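Inspection log for the structure reproduced underneath, given as structure tokens.
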Amino acid sequence: MKLILAGVLAGLLSATAAKADEMVFTSWGGTTQEAQTKSWAEPFAASSGIKVLQDGPTDYGKLKAMVDAKNVTWDVVDVEMDFAIKAAKDGLLEPIDFTVVPKDGLDPRFSNEQAVGSFYYSFVLAWNKGAVSGEPASWADMFDTKKFPGKRTFYKWSAPGVIEIALLADGVPADKLYPLDLDRAFKKLDTIKSDIVWWGGGAESQQLIASGEAVFGQLWNGRVFALEKDGADVGVSWNQNLTAADVLVVPKGAKNKDSAMKFLAAATSPTGQAKFAEASGYAPINTKAKAEMAADVVKGLPDAHVDGQINLDMNYWAEHRDEIATRWYAWQTK
Amino acid sequence: MTGNAFRRQSIAGLPAGSAGGLPALTLVGLFFIVPVVALLLRSVTDPEPGLQNYAALFGSGTYVRVFLNTFLVAAVVTAVTIVVAFPVAWMLAIMPPALGSIVFGIIILSMWTNLLTRTYAWMVLLQRTGVINRALMGLGVIHEPLPLINNLTGVTIGMVYIMLPFMILPLVGTLRAIDPMTLRAAALCGASPFQAFRRILLPLSLPGIAAGGLMVFVMSLGYFVTPALLGGTSNMMLAEMIAQTVQSLLNWGLGSAAAFVLLIVTMALYAIQLRMVGARRLGGGL
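Laid out in structure tokens, this is it:
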């Protein structure tokens, strides 16, 4: 009897001990989070003994609610960079402990005091080879309904990307994009409004292009990569590809902050970044990662298409997020 | 909502202040009153005390447009649901009970399938390259794909399909309660089938139509997934707009204000309907 009791007690003790060595990682679900689990969470858990629980999808409202209620259950969250800049200003994020996370090798474009890069990606022009007439070559072609009839698909939400595409198509030079001329952008978008199908999430964008429902569109390069891997008949143009990044942040008051910092160190390490890039087709934010990657993978990354590449201005967006969103939804619902 | 009227009736028999109503009142208080009060408070205190959220709401053409569109979609969905549900309910009411319960089972079964799955299924059916358009073009009926999705048509089809059981159930109850002899009497007096329907069946089934219609209308007002996936941005409904405001823009004050206005308008409509149909008849329909 005593033996059983002791056994139960020991079991309980070890269970609480294990609980102390847990943390929660939250991302967007789908193929991206799967790749993050395989490339970061699993090797990290094996080497550190810290179990990484997965949650998702990322929800900015939930993140704010947790911080406001001082009951934060997420330790590391994958968010869009413009949101991270805004959230840091609003006091929602912990500063990154760069004594634990090595700064060496991190691409300065995608890291700051409260965030380290998760991965970076490009918006590219992708098309269904069987459905499109001819071969589109630039964003301007998406606005040419005579040459390219059929539906075109764009990202539905107010976020960096579509406004810039409209301005580029209208002839604004890449280095003159900011500050964004919203009037001009919406005027240009008006010309094709009835031909647009909006995609709200990555899977939807893949479905629209693969089925030919939309003949071409603005897609995340990783989603095109996944389509190609599945054998879909898609074409892609990297001309004027637009980079943006996801970053990893630690919400203010996260319960396992120390574990979180260690996790960030593993996720942003050259090895972690190289593995993730190979699994997802998104680009590493650690400049040393490429040395650890297969040559044919490096070829397909946004890194290999820096010629004509344009960096979406995350600081500009963080500052004008609300103002642009108001205009965006007003235009969209009209 | 319809449950309210029902409750009022059944509680009416109890002596005033009876302890019998307490658990129910506590439940309503905890799960309905408290959240609504919290919502109201947030709408006038976030980010600072004042009515600025309401000013922003009514001053913004976007929100007003989305509001109007929400009610338009709910009205269209309710009307179409009534028209489609009536024959089904009538058939169920006059069927032999054994067969009726099988058909009933099939209708209920559809409610058990995941909403998202059902909506995605409609996407596959309705899109330009979807089953319906392919079939019609294959048969040579049409040459250009019909625009069945990303517009009001898509939203209506998807939502009517989901709302049908909520209309059929109360209607069957009402129709079953109608004495079939009234129809025979009408026929004997020389009424055509259409006259019998219009003058006898329709008026007698009004309580069921009102109860089901109200339920469908109110549920439609707050719908999210189906309009988001089957509608276009110009048919955006309020729930989606609020989600965007709260989740992405973190403007909780404005989101709360929008939700509160929707609640008030819905309750006002309910009150008007109570007046018109009468609480007793509405409750009796269930």
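In order, the protein sequences belong to chains P and U.
Under UniProt numbering, the first sequence has 275 at position 275, and the numbering climbs by one with no breaks.
Under UniProt numbering, the second sequence has 20 at position 20, and the numbering climbs by one with no breaks.
For glycine and all other residues, C-beta sits at the position ideal for the given N, C-alpha and C.
This one's a predicted model, so the numbers in the text were calculated from it and none came from an experiment.
> Got a sec: is the Cβ-Cβ distance from V37(U) to anything in chain P below 8 angstroms?
Replying inline: Within the second sequence, the letter at position 37 stands for residue 37(U). No Cβ of chain P is located within less than 8 angstroms of the beta carbon of V37(U).
>> What ranges does the alpha helix (DSSP H) occupy inside the region 45 to 85 of chain U, keeping only unbroken runs of at least 4 residues that lie completely in it?
In response: Correct list: 52 to 59.
> Roughly how many angstroms lie between the CA atoms of L109(U) and F186(P), to the nearest whole one?
Replying inline: As a first step, residue 109(U) is located in the second sequence; it is residue number 109 there, counting from the start. As a first step, residue 186(P) is located in the first sequence; it is residue number 186 there, counting from the start. Rounded to the nearest angstrom, the two C-alpha atoms are 46 angstroms apart.
>> Can you pull the chain U neighbours of F200(P), defined as C-beta to C-beta under 9 angstroms?
In response: The sequence position of residue 200(P) within the first sequence is 200, counting from 1. Rather than Phe, the amino acid found at residue 200(P) in this sequence is Gly. By Cβ distance, chain U contributes A228, L229.
>> Is the separation between the beta-carbon of M236(U) and that of P165(U) shorter than 8 angstroms?
In response: As a working note, residue 236(U) is residue 236 in the second sequence. As a working note, residue 165(U) is residue 165 in the second sequence. In this structure, P165(U) does not lie closer than 8 angstroms to M236(U) by Cβ.
> Fully enclosed by the region 270 to 331 of chain P, which alpha helix (DSSP H) runs are 4 residues long or longer?
Replying inline: Complete alpha helix (DSSP H) runs here, min 4: 270 to 280, 295 to 299.
>> Taking its Cβ as the centre, do 16 or more other Cβ atoms sit within 10 Å of G231(P), making it buried, or is it exposed?
In response: Residue 231(P) sits at position 231 when you count from the first residue of the first sequence. Answer is exposed; the Cβ neighbour count stays below 16.
> Excluding the five sequence neighbours on either side, which residues of its own chain have a C-beta within less than 8 angstroms of the C-beta of A185(U), listed in chain order?
Replying inline: Residue mapping note: residue 185(U) aligns to position 185 of the second sequence, counting from 1. Excluding sequence neighbours, A185(U) sits near nothing in its chain.
> How should A87(P) be labelled, buried or exposed, when 16 other C-beta atoms within 10 angstroms of its C-beta is the threshold for buried?
Replying inline: Translated into the one-based positions of the first sequence, residue 87(P) becomes position 87. Classification of A87(P): buried, given that the 10 Å Cβ count is 16 or more.
> Are the beta-carbon atoms belonging to A159(P) and L189(P) less than 8 angstroms from one another?
Replying inline: Here residue 159(P) corresponds to residue number 159 of the first sequence, with the count starting at 1. Here residue 189(P) corresponds to residue number 189 of the first sequence, with the count starting at 1. A distance of 8 angstroms or more separates the beta carbons of A159(P) and L189(P).
> If we cut at 8 angstroms on Cβ distances, does V246(U) have a partner in chain P?
Replying inline: Translated into the one-based positions of the second sequence, residue 246(U) becomes position 246. It does: the Cβ of V246(U) has a partner Cβ on chain P nearer than 8 angstroms.
> Taking buried to mean at least 16 other C-beta atoms within 10 Å of its own C-beta, is R8(U) buried or exposed?
Replying inline: As a working note, residue 8(U) is residue 8 in the second sequence. Interpretation of R8(U) is limited by its pLDDT of 44, a score under 50 that renders its predicted location unreliable; no figure is taken from the coordinates.
> So, is the C-beta of R65(U) closer than 8 angstroms to a C-beta in chain P?
Replying inline: For this step, residue 65(U) is matched to residue 65 along the second sequence. The beta carbon of R65(U) falls within 8 angstroms of a beta carbon belonging to chain P, placing the residue at that interface.
> Nearest to K129(P) by CA position, among F98(P), V224(P), W28(P), is which residue?
Replying inline: Sequence index remark: in the first sequence, residue 129(P) carries index 129 (1-based). In this structure, V224(P) is the residue among F98(P), V224(P), W28(P) with its C-alpha nearest to the C-alpha of K129(P).
> Comparing alpha-carbon positions, which option in V246(U), Y270(U), G21(U), L269(U) lies nearest A259(U)?
Replying inline: By one-based count along the second sequence, residue 259(U) stands at place 259. Relative to A259(U), the option among V246(U), Y270(U), G21(U), L269(U) whose CA is nearest is V246(U).
> Under the DSSP definition of a beta bridge, which residues are partnered with P251(P)?
Replying inline: Here residue 251(P) refers to the residue found at position 251 of the first sequence. Per DSSP, L93(P).
> What separation, rounded to the nearest whole angstrom, lies between the Cα atoms of W40(P) and S27(P)?
Replying inline: Sequence index remark: in the first sequence, residue 40(P) carries index 40 (1-based). Sequence index remark: in the first sequence, residue 27(P) carries index 27 (1-based). Each residue's Cα considered, the two are about 12 angstroms apart.
>> Please confirm whether R128(U) has its beta-carbon closer than 8 angstroms to some beta-carbon of chain P.
In response: The residue you call residue 128(U) lines up with position 128 of the second sequence. Chain P contact via Cβ: present.
>> Does any residue of chain P have a CB that is nearer than 8 angstroms to the CB of T156(U)?
In response: One-based indexing of the second sequence puts residue 156(U) at position 156. No - not a single Cβ of chain P is within 8 angstroms of the one on T156(U).
> What did DSSP end up calling M1(U) once you bin it into helix, strand or coil?
Replying inline: Looking up residue 1(U) in the second sequence gives position 1. Caution is warranted here: a pLDDT of 41 is assigned to M1(U), below 50, making its placement in the model unreliable, and the coordinate value is therefore given only provisionally. Coil.
> Are at least three pairs of beta-carbons, each pair with one atom in the region 209 to 228 of chain U and one in the region 32 to 52 of chain U, less than 8 angstroms apart?
Replying inline: No, the region 209 to 228 of chain U does not touch the region 32 to 52 of chain U.
> Would you report the Cα separation of L274(U) and F86(U), rounded to the nearest angstrom?
Replying inline: Along the second sequence, read from residue 1 onward, the residue named residue 274(U) stands at position 274. Along the second sequence, read from residue 1 onward, the residue named residue 86(U) stands at position 86. The alpha-carbon atoms of L274(U) and F86(U) are separated by roughly 22 angstroms.
> Between I192(P), A126(P), A174(P), which lies nearest to W331(P) when the distance is taken from Cα to Cα?
Replying inline: For the purposes of this step, residue 331(P) is taken as residue 331 along the first sequence, with counting starting at 1. The residue with the shortest Cα to Cα distance from W331(P) is I192(P).
> Which whole-angstrom value describes the C-beta separation of A45(P) and K51(P), a residue pair presumed to lie in contact below a C-beta threshold of 8 angstroms?
Replying inline: As a position in the first sequence, residue 45(P) is number 45, starting the count at 1. As a position in the first sequence, residue 51(P) is number 51, starting the count at 1. Right, their Cβ atoms sit about 6 angstroms apart.
> At a CB-CB cut-off below 7 angstroms, which residues of chain P make contact with G61(U)?
Replying inline: Here residue 61(U) corresponds to residue number 61 of the second sequence, with the count starting at 1. Ordered by position in chain P, the residues that pass the 7 angstroms Cβ test against G61(U) are A330.
> Starting from D258(P) and walking both ways along the alpha helix (DSSP H), at which residues does that stretch end?
Replying inline: As a working note, residue 258(P) is residue 258 in the first sequence. 257 to 267 is the span of the alpha helix (DSSP H), which, as asked, contains D258(P).
>> Using only the alpha-carbon positions, how far apart do I82(U) and T117(U) sit?
In response: For the purposes of this step, residue 82(U) is identified with residue 82 of the second sequence, where counting begins at 1. For the purposes of this step, residue 117(U) is identified with residue 117 of the second sequence, where counting begins at 1. The alpha-carbon atoms of I82(U) and T117(U) are separated by roughly 24 angstroms.
> Closest Cβ-Cβ distance between E213(P) and chain U: below 8 angstroms?
Replying inline: Your numbering for residue 213(P) matches position 213 in the first sequence. Yes, because at least one Cβ of chain U sits closer than 8 angstroms to the Cβ of E213(P).
> DSSP on T26(P), reduced to helix/strand/coil?
Replying inline: Counting from one through the first sequence, the residue named residue 26(P) turns up at place 26. T26(P): strand per DSSP, three-state reduction.
> Any idea which residues DSSP pairs A244(P) with across the strands?
Replying inline: Here residue 244(P) corresponds to residue number 244 of the first sequence, with the count starting at 1. According to DSSP, A244(P) bridges with Y121(P).
>> Quick check: is the beta carbon of K156(P) nearer than 8 angstroms to any beta carbon in chain U?
In response: As a working mapping, residue 156(P) is identified with position 156 in the first sequence. Taking Cβ atoms only, chain U reaches closer than 8 angstroms to K156(P), which makes this a yes.
> Based on the DSSP secondary-structure assignment, which residues constitute the bridge partners of N128(P)?
Replying inline: Position 128 of the first sequence holds residue 128(P). According to DSSP, N128(P) bridges with V234(P).
> Helix, strand or coil: how does DSSP classify I163(P) here?
Replying inline: The residue given as residue 163(P) occupies position 163 in the first sequence. If DSSP states are grouped into helix, strand and coil, I163(P) belongs with the helices.
> Checking contacts by CB at 8 angstroms: is T233(U) closer than that to chain P?
Replying inline: Here residue 233(U) is taken as the residue at index 233 of the second sequence, counted from 1. Taking 8 angstroms as the CB threshold, T233(U) lines the interface with chain P.
> Of all the options T32(P), E323(P), F148(P), V24(P), which has the alpha carbon lying nearest to the alpha carbon of D183(P)?
Replying inline: As a working mapping, residue 183(P) is identified with position 183 in the first sequence. Selected option, being the one with the closest Cα: E323(P).
>> If you reduce the DSSP assignment to three classes, tell me which class G173(U) lands in.
In response: Taking the second sequence and counting its residues from 1, the one referred to as residue 173(U) is at position 173. Here G173(U) carries a helix assignment [DSSP, helix/strand/coil].
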